[in-house]
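Asks: Have a look at the structure that comes next, please.
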Ligand SMILES: NC(=O)c1ccc[n+]([C@@H]2O[C@H](COP(=O)([O-])OP(=O)(O)OC[C@H]3O[C@@H](n4cnc5c(N)ncnc54)[C@H](O)[C@@H]3O)[C@@H](O)[C@H]2O)c1
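In the working numbering, the protein residues as written are 19 to 293.
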């Protein structure tokens with residue numbers, strides 16, 4: 019029971035990695051606030067938790083500062099404190115961002131290469147990326163982590179007992195694979211992690227990041243089997259991650275087992291990218 023007596027908020031907890039983190043934390047004795055933009059999926063996660071009678075759901079769009087403030091108001095009212103925040107909510111793309119055109123071109127380019135031709139089609143992702151698409155992906159991934167960290171810090175400082183913030187970034191922050199808006203946001207999360215760790219350390223608030231590699235969640239199941247297989251083959255471990263394997267790294271960073279670790283980025287990516 020490494021999180022006994024702790025109050026933990028997990029954003030984007032209605033699916034995939036966030037759900038696995040909520041389940042792992044609850045099994046370790048935490049009271050979990052299961053938050054998601056989708057009330058229905060948050061309820062499904064809540065129903066799956068050990069010790070669910072002590073947990074609650076809270077609908078929240080992390081990209082909206084006012085929505086985040088409302089959620090934290092509820093947390094303060096209900097528990098009066100927060101010990102752990104996991105900034106997990108994220109999206110890889112958004113309708114109309116131009117990413118679909120880029121992917122179509124990449125597929126054409128791959129076909130040309132497979133036919134042994136000199137490719138005449140290029141990715142050129144930025145050419146079709148819209149302002150709104152860029153802002154939305156950055157707003158959810160990076161803006162969300164900012165909004166939630168600010169409210170968490172206010173509550174943790176008020177409580178005076180410190181806390182742990184765990185930010186879910188991505189291997190894409192280093193490798194550049196995926197949408198460039200997504201890579202930019204996930205790299206921004208690492209900068210946010212460093213800045214917060216330096217600033218909040220004297221308040222006994224530790225701030226760390228996890229960079230998962232390809233993980234078997236609904237987000238990844240949406241892509242083709244062929245693409246998934248190629249990602250698995252690119253890993254020295256020869257497979258994709260299960261969400262629970264990312265959740266146990268979050269448990270380490272959230273718990274006192276990592277009491278002298280702050281400002282760190284933990285790669286949970288099966289060796290798909292090393293640094
Ligand atoms: N699956 C992977 O391969 C992988 C790899 C690297 C990093 N990640 C990161 O891990 C995190 C979880 O990814 P996942 O694969 O479990 O995704 P997922 O799509 O399965 O789950 C994401 C959850 O976030 C919620 N969400 C989306 N926008 C939101 C918003 N504005 N406010 C609140 N909630 C919102 C969704 O409703 C969903 O429940 C993300 O930050 C993602 O970028 C995933």
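Yeah, the Cβ is synthetic: ideal placement off N, Cα and C, and Gly gets one too.
In this text the structure is predicted, and so the values were computed from the model without any measurement.
Closest to residue 73 by CA distance: which of 229, 24, 132 is it?
Replies: Comparing Cα positions, the closest option is 24.
Asks: To the nearest angstrom, how far is the alpha carbon of residue 142 from that of residue 275?
Replies: Spanning the two alpha carbons is a distance of roughly 44 Å.
Asks: Does ligand 1 have even one heavy atom less than 8 Å from the beta-carbon of residue 266?
Replies: Every heavy atom of ligand 1 is 8 Å or more from the Cβ of residue 266, so no.
Asks: Please determine whether the Cβ atom of residue 271 lies at a distance below 8 Å from any heavy atom of ligand 1.
Replies: No, the beta carbon of residue 271 sits no closer than 8 Å to any heavy atom of ligand 1.
Asks: Could you tell me the distance, in whole angstroms, from the CA atom of residue 265 to the CA atom of residue 130?
Replies: Looking at the two C-alpha atoms, the distance is approximately 40 Å.
Asks: Leaving out five residues on either side along the sequence, give the residues of the same chain with a beta carbon under 8 Å from the beta carbon of residue 137.
Replies: Closer than 8 Å at Cβ, skipping near neighbours: 127, 130, 131.
Asks: Rank 283, 262, 284 by C-alpha distance to the C-alpha of residue 40 and give the top, closest one.
Replies: Answer by Cα proximity: 262.
Asks: Tell me whether the beta-carbon of residue 53 lies closer than 9 Å to the beta-carbon of residue 161.
Replies: No. Outside cutoff.
Asks: Name, in chain order, the residues that DSSP records as bridge partners for residue 49.
Replies: For residue 49, which the question treats as bridged, DSSP gives the partners 25.
Asks: Does the Cβ-Cβ distance between residue 46 and residue 273 come in under 9 Å?
Replies: Yes; because the gap between Cβ atoms is below 9 Å, this pair is in contact.
Asks: Alpha carbon to alpha carbon, how far is residue 20 from residue 56?
Replies: Computed Cα separation, rounded: 29 Å.
Asks: When DSSP labels each residue in this structure, what does residue 225 get in the three-state scheme?
Replies: Of the three classes helix, strand and coil, the one that applies to residue 225 here is strand, per DSSP.
Asks: By a C-beta neighbour count over all protein chains shown, 10 Å radius and 16 as the cutoff for buried, is residue 50 buried or exposed?
Replies: By the 10 Å Cβ count, residue 50 comes out buried.
Asks: Using 8 Å for Cβ pairs, my map puts residue 104 next to residue 223. What's the rounded Cβ distance?
Replies: At roughly 14 Å, the Cβ-Cβ gap does not stay under 8 Å, so residue 104 and residue 223 are not in contact.
Asks: Rounded to whole angstroms, how far is the Cβ of residue 111 from the Cβ of residue 155, which I believe are closer than 8 Å?
Replies: So it is a contact: roughly 7 Å between Cβ atoms.
Asks: Indicate, with yes or no, if ligand 1 has a heavy atom lying under 8 Å from the CB of residue 42.
Replies: Incorrect: residue 42 has no Cβ contact closer than 8 Å to ligand 1.
Asks: Quick one: measure Cβ to Cβ for residue 230 and residue 188, integer angstroms, because I've assumed they're closer than 8 Å.
Replies: That belief holds up - the Cβ atoms of residue 230 and residue 188 are roughly 6 Å apart, short of 8 Å.
Asks: Using C-beta distances below 6 Å, list every residue in its chain close to residue 92, excluding the 5 sequence neighbours before and after it, in chain order.
Replies: 76.
Asks: Given that a residue counts as buried once 16 or more other Cβ atoms are within 10 Å of its Cβ, and exposed if not, what is residue 292?
Replies: Per the 10 Å Cβ criterion, exposed.
Asks: Consult DSSP for residue 109 and reduce its assignment to one of helix, strand or coil.
Replies: Coil.
Asks: Is any non-hydrogen atom of ligand 1 found closer than 8 Å to the C-beta of residue 236, if you look at the structure I gave you?
Replies: Checking the Cβ of residue 236 against ligand 1 gives yes.
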